[in-house]
Amino acid sequence: MKYRKFGSMDWDASALGFGAMRLPTTDNLPMSPNIIEDEAIRMIRRSIDGGVNYVDTAYPYHGGQSEVVTGKALKDGYREKVRLATKSPVWLIEKPDDFDKLLDEQLKRLDMDFIDFYLLHALGKESWENKVLKHTLFGRAEKAMADGRIKHLGFSFHDDAEHFQPIVDGYDNWAFCQIQYNYMDTENQAGTAGLRYAASKGIAVVVMEPLLGGKLADPPAPIQAVFDKLSPRRSPVDLALQWIWDQPEVSMILSGMTTMEHVEGNLASADKSGVGSFTEQDEKLVAEVRKEYEARVPIPCTKCGYCVPCPNGVAIIRNFELYNNGFIHEAMDQSSFAYSRFFSEEERAGSCVACLECEEHCPQKIKIAEWMVKVHAALGETPAGG
């Protein structure tokens, strides 16, 4: 295992962290509460034996069972070998006291006295303003740090890039943040600019979705053909991980693992990770793969922003982004759009009333209202806030 500086902290984190979001389940359904407990515990402990020193879970993962199983996995001396991260479900907080009630519930689930790294989960403009600031959650978090229930405070982010910096700058004592990042997401959400900005502030950056929810691990045939032509022995998984590890601003890659094969493969990749390890041939391969993916985009949205704000509150650009993402990866099903659960009702494509005001301003002349019908059919009715 290789280790990296964790922001400005005096602690080195393993290049790979174990994400307990996609544990094996008896029904093979993602995020199902029916975790195969023995196998999940074996996987978590194997990763720790392989040098992983950071395990991440969250309140809603696997219907709340991820925290329970993670707690069991860290018995028998494993708790002392790792730093544990979990997340506060800020969407459930309606008054300041809820922060402490949820935190205490999580400690009970985990069967622990404290949490090393506590994140405010899935922050964006709306949750930042209407949950964190409105309910003065920083005061609650600082009291929890003072009494020892949590050691360090951070946040995970799911929103447009413009809302990332205000959150970073909105609190002076962030220890770390967690962002979606991979070679296809350099300008989505926080993106490369957000990664570098947070790192410049001494904030550790943990990268989630390095394989874009697994989509980059199993590319469609036209993309695989690029690998076969330019680098037939190169694993799509290893390429995606090494691209991220090559960037000095990254403190850790967090990978959600479902099988022991995932664990062993990720450990092997982490063992050869490092800044400067990415070759010129690797860069060429990423460029060609990215070009092929982008050529498959069905909606020619450039994210110029002329279409917003929508008078009905529809998040036009983000809806298009999700739809395009699912299409190019041949993953057009509701499970491909996990992040749609972070949309409010009015932001979803189904809220479009075809007023056509946006189309008057679109330089690309996109038939936005017509596309919104297709987008809504694809995204479905994934519950908000989970």
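For reference, each letter of the sequence shown is one residue, going 3 to 388 in my numbering.
Even for Gly, the Cβ is constructed at its ideal location relative to N, Cα and C.
Nearest-angstrom Cα separation, counted from ASN327 out to ARG111: For ARG111 and ASN327, the distance between alpha carbons rounds to 35 Å.
Look at the Cβ atom of ASP248, then the Cβ atom of VAL277, and state whether they are nearer than 8 Å. The answer is yes: Cβ separation under 8 Å.
Straight-line CA distance for LYS292 to PRO35? The sequence given here has Arg at residue 292, not Lys. Those two C-alpha atoms are separated by around 35 Å.
Nearest neighbour of ASP240, chosen from ASP284, GLY215, THR261 [CA to CA]: Ranking the options by Cα distance to ASP240, first place goes to ASP284.
Anticipated Cβ contact below 8 Å, LEU218 with PRO238, distance rounded: For a cut-off of 8 Å, the C-beta gap from LEU218 to PRO238 is around 6 Å, short enough to register as a contact.
Chain-order list of residues whose beta-carbon lies under 6 Å from that of GLU348 (same chain, five-residue window excluded): Correct list, in chain order: GLY315.
Can you tell me whether DSSP reads MET114 as helix, strand or coil? Residue state, collapsed to three classes: coil.
How big is the Cα-Cα spacing for ASP296 and MET147? Reading off the sequence, residue 296 comes out as Glu, not Asp. For GLU296 and MET147, the distance between alpha carbons rounds to 45 Å.
Between the C-alpha atoms of SER233 and ALA42, what's the straight-line distance to the nearest angstrom? Cα to Cα, the separation comes out at about 34 Å.
On a CA-only basis, which of ASP149, ASN190, ASP162, ALA124 is nearest GLY156? Give me that one, please. Answer by Cα proximity: ALA124.
Taking the alpha-carbon positions, what's the PRO311 to PHE322 distance? For PRO311 and PHE322, the distance between alpha carbons rounds to 15 Å.
Pick out the complete beta strand (DSSP E) segments inside the stretch 175 to 209, 3 residues or longer, and give them in chain order. Here the runs fully enclosed are 178 to 182.
Is TYR5 helix, strand or coil when you go by DSSP? Strand, per DSSP.
Residue nearest to LYS4 in terms of C-alpha spacing, selected from ASP12, SER275, LEU122: For LYS4, the closest alpha carbon among the candidates ASP12, SER275, LEU122 is that of SER275.
May I have the straight-line CA-CA distance separating ILE50 from HIS363, to the nearest angstrom? When rounded, the distance between both Cα atoms is 53 Å.
DSSP on ARG16, reduced to helix/strand/coil? The residue asked about is misnamed: residue 16 is Ser in this sequence, not Arg. It is a strand residue.
Under the assumption that LEU109 contacts LEU122 (Cβ atoms under 8 Å), give the Cβ distance between them as a whole number of angstroms. The beta carbons of LEU109 and LEU122 sit about 17 Å from each other, so the pair does not count as a contact at 8 Å.
Per the contact definition of three or more C-beta pairs closer than 8 Å, is the stretch 201 to 212 in contact with the stretch 176 to 192? Between the stretch 176 to 192 and the stretch 201 to 212, the count of Cβ pairs shorter than 8 Å is three or higher; the stretches touch.
Quick one: residues in its chain with C-beta nearer than 6 Å to the C-beta of SER271, no 5 flanking neighbours on either side, listed in chain order? Result list for SER271: ASP240, LEU243, in chain order.
The alpha helix (DSSP H) enclosing TYR325, as first and last residue numbers: DSSP places TYR325 in the uninterrupted alpha helix (DSSP H) bounded by 318 to 330.
Which residue wins for smallest C-alpha separation from ALA201, given the options PRO250, HIS160, ASN190? Ranking PRO250, HIS160, ASN190 by CA distance to the CA of ALA201 puts PRO250 first.
Any contact of the stretch 221 to 229 with the stretch 256 to 269, i.e. 3+ C-beta pairs under 8 Å? As far as the Cβ criterion goes, the stretch 221 to 229 does not touch the stretch 256 to 269, which means the pair count is below three.
Nearest CA to the CA of ASP12: which residue from HIS154, ILE169, CYS309? Residue HIS154 is the option with its Cα nearest to ASP12.
Taking the continuous beta strand (DSSP E) assigned at ILE156, which residues delimit it? A small correction: the amino acid at residue 156 is Gly; Ile does not occupy that position in the sequence shown. 152 to 159 is the extent of the beta strand (DSSP E) around GLY156.
Can you list, in chain order, the residues of its chain whose CB lies under 8 Å from that of GLY141, leaving out five sequence neighbours each side? Excluding positions up to five away in sequence, the list reads PRO98.
Opposing strand residues paired with ASP58 [DSSP bridges]: The secondary-structure analysis by DSSP pairs ASP58 across a beta bridge with GLY21, ALA87.
Rounded straight-line distance, which links the Cα of GLU372 to that of ASN184: Those two C-alpha atoms are separated by around 30 Å.
Identify whether HIS395 lies in helix, strand or coil by the three-state DSSP scheme. Because the chain in this structure spans residues 3 to 388, residue 395 falls outside the shown range and cannot be described.
According to the neighbour-count rule (16 or more other Cβ atoms, all chains shown, within 10 Å of its Cβ), is GLY196 buried or exposed? Buried: at least 16 other Cβ atoms inside 10 Å.
Between the Cα of GLY352 and those of CYS360, ILE318, GLN366, spot the shortest distance and give me the residue it belongs to. Ranked by Cα distance from GLY352, the options CYS360, ILE318, GLN366 are led by ILE318.
Can you tell me where the alpha helix (DSSP H) holding SER257 begins and where it ends? For SER257, there is no enclosing alpha helix (DSSP H); the residue is found in the beta strand (DSSP E) stretching over 254 to 258.
CA-CA distance, ASN30 and LEU358? Cα to Cα, ASN30 sits roughly 42 Å from LEU358.
Identify whether ILE368 lies in helix, strand or coil by the three-state DSSP scheme. Taken through DSSP and simplified to helix, strand or coil, ILE368 comes out as coil.
Candidates ASP102, ILE117, ASP100, PHE329: which alpha carbon is nearest ARG298's? Nearest option by C-alpha distance: PHE329.
Would you say SER158 and LYS89 are within 8 Å of each other, going by their C-beta atoms? Taking C-beta atoms as the reference points, SER158 and LYS89 count as a pair closer than 8 Å.
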